[in-house]
Amino acid sequence: MTPFGGRVEQRTEQLVHPDWTWINGRLERGVALGIDGGRITYLGPPNRPSTLRLPGKALVPGFVSAHSHAFQRGLRGLVEGRPDAGAAGEAKPGGFFSWRDAMYALVDRLTEESCYELSKQCFSEMLASGFTTVGEFHYVRHLLDANGQGDESKRYALDGAVLAAARDAGIRIVLLDACYMTGGFGKPLAGGQRRFETRDEREYWSRFDALAAACDPATQSVGVTAHSVRAVPIDILERLHAESVRRNAVFHMHLEEVRQEIADCMAAHGRRPCQLLLERLAIDGRFTVVHATHTTAEDLGGLAERGATVCLCPLTEANLGDGVCDVGSFRAKGGHLAIGTDLNSRLSATEELRWLEYVQRLRHEKRVVAVGSTADAGAELLAIGTANGARSLGLDAGAFQVGALADAAIVDLNHSTMAGWTPETFASHLVFGTGTSAVCGTCVGGRWKIRRA
Ligand SMILES: [Zn+2]
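Residues 25 to 477 (our numbering) make up the sequence shown, in order.
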């Protein structure tokens with residue numbers, strides 16, 4: 025049968041037989057996947073007639089965007105002109121905070137419908153580029169006016185829109201439920217920030233439990249999230265994290281994307297944000313920080329030693345002119361990296377991965393910097409984009425193993441950008457040489473979406 029030209033519906037039991045399969049960091053021929061109940065139940069030679077034959081294709085684990093704000097897809101193309109001026113009080117005109125003003129203006133215009141449409145567009149585009157899971161860092165919650173006033177029943181009205189968009193697009197989602205309490209260290213929320221508001225810890229956990237109950241257990245789950253040290257007082261952040269550990273949930277937060285946050289934290293606490301977290305929180309492998317752009321080598325080492333993940337968003341960090349994380353110091357201590365698409369101005373898993381490496385090459389004026397502990401940089405980047413992202417989100421996915429979630433991307437080996445590939449060069453060929461069109465389908469929990477190559 026030809027797999028192209030339409031959607032193949034989920035079957036209760038499947039045997040999928042691609043020509044090549046990415047297993048244990050290498051490409052192997054003749055390995056079929058048995059899938060049942062959304063999980064992989066068999067890996068080995070085809071032992072019965074296949075329900076889906078994929079000739080000329082390689083199957084790789086689905087890519088994971090561990091950090092996204094789907095609604096920001098609505099800013100694409102709108103914020104690339106030179107800002108007239110910085111945000112009020114901004115130390116560096118034209119920097120992050122002037123972009124943030126444009127983002128807040130988008131927030132002002134969001135409705136349940138537009139939030140759903142933008143999110144669905146974003147998630148569909150992710151799937152088309154091979155992402156099968158999104159860690160959606162969700163902080164725009166309420167439909168209130170710009171002063172945070174309005175219908176109390178519209179608090180958290182946008183939560184359902186995002187979950188519905190993920191369901192309808194067909195992507196796996198970990199909804200990272202963001203706690204957001206202050207507009208800076210010791211400052212109340214101002215203006216549109218009231219749309220992000222968490223009133224207190226009781227409200228946070230009751231909403232967290234409600235969201236968990238609303239999730240489709242097959243493809244949706246929730247994670248604990250503090251927006252940043254700017255947005256959650258440290259005592260509350262400490263308790264939130266302790267409770268997330270007790271619940272065995274993952275914990276995500278933004279960290280040190282801009283130097284201003286570090287200066288403000290030094291003024292408030294006499295410590296850098298990462299220093300503060302390392303001192304106050306029992307950080308472990310369930311903890312992920314996003315960006316760590318200006319984090320010191322010492323603090324990155326501390327995160328690595330605790331098993332934390334640093335999620336980099338190379339295309340976003342480049343777009344915003346944030347700066348470059350000292351990845352070498354983190355990797356030298358065995359730190360885990362993952363990737364996120366963050367503002368979603370471009371959705372391409374392979375582009376995100378190669379730019380993770382390329383910005384390091386540009387900075388250090390040498391090759392193979394971010395990765396390179398093995399001979400195959402592409403294989404390492406592939407693991408960062410799959411297994412490491414799944415680990416960051418607490419999912420049993422990102423690698424083909426019996427018992428794991430059946431999430432995969434299909435690579436068309438006959439696509440022009442794959443010409444010249446060999447089993448030995450496959451991963452580097454894919455990561456360094458292809459865009460989104462070499463990916464011709466995805467599988468999320470045994471449900472396939474396949475398009476004509
Ligand atoms: Zn972010």
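For every residue, glycine included, the Cβ atom is placed at its ideal position computed from N, Cα and C.
When the options are compared against residue i, the one with the closest alpha-carbon
i	options	result
residue 536	383, 348 and 456	The chain is shown only over 25 to 477; residue 536 falls outside these bounds and no answer can be derived.
residue 60	458, 426, 448 and 152	426
residue 371	147, 183, 138 and 438	147
residue 196	128, 406 and 154	154
residue 334	356, 345, 178 and 363	363
residue 399	229, 50 and 43	50
residue 453	411, 401, 474 and 420	401
residue 224	198, 211, 241 and 260	260
residue 42	65, 75, 62 and 63	75
residue 37	72, 381 and 47	72
residue 124	416, 459 and 346	346
Collapsed DSSP secondary structure at residue i in the structure displayed
i	result
residue 445	coil
residue 433	strand
residue 297	helix
residue 376	helix
residue 50	strand
residue 219	helix
residue 389	coil
residue 125	helix
residue 192	helix
residue 464	strand
residue 166	coil
residue 66	strand
residue 184	helix
residue 132	helix
residue 26	Interpretation of residue 26 is limited by its pLDDT of 30, a score under 50 that renders its predicted location unreliable; the figure taken from the coordinates is listed afterwards. Correct three-state label for residue 26: coil.
residue 153	coil
residue 439	coil
Within 9 Å, strictly: CB atoms of residue i and residue j
i	j	result
residue 395	residue 404	yes
residue 350	residue 320	yes
residue 308	residue 248	no
residue 429	residue 406	no
residue 164	residue 220	yes
residue 414	residue 422	yes
residue 424	residue 213	no
residue 274	residue 418	yes
residue 255	residue 280	no
residue 53	residue 338	no
residue 93	residue 161	yes
residue 166	residue 218	yes
residue 245	residue 199	yes
Rounded Cβ spacing between residue i and residue j (contact assumed at less than 8 Å)
i	j	result
residue 89	residue 194	With 8 Å as the limit, residue 89 and residue 194 do not qualify as a contact, their Cβ atoms being about 15 Å apart.
residue 151	residue 466	5 Å
residue 302	residue 293	That pair is no contact at about 13 Å.
residue 56	residue 70	4 Å
residue 239	residue 185	Going by Cβ atoms, the distance from residue 239 to residue 185 rounds to 14 Å, so no, they are not a contact pair.
residue 157	residue 366	Going by Cβ atoms, the distance from residue 157 to residue 366 rounds to 15 Å, so no, they are not a contact pair.
residue 354	residue 386	18 Å between Cβ atoms; not a contact.
residue 12	residue 283	What is shown of the chain runs 25 to 477, which leaves residue 12 out entirely.
residue 183	residue 235	6 Å
residue 251	residue 204	5 Å
Please list the segments of the alpha helix (DSSP H) lying wholly inside the segment 290-359, counting only runs of 4 or more residues, in order along the chain. As far as the segment 290-359 is concerned, its whole alpha helix (DSSP H) runs of at least 4 residues are 297-304, 321-329, 338-344 and 351-356.
Contiguous alpha helix (DSSP H) assignments of at least 4 residues, all confined to the segment 221-280: Taking only runs of at least 4 residues, the alpha helix (DSSP H) segments lying wholly in the segment 221-280 are 225-238 and 258-270.
Only counting runs of 3 or more residues, tell me where the beta strand (DSSP E) segments fall wholly within the segment 67-96, in order along the chain. Here the runs fully enclosed are 76-85 and 87-92.
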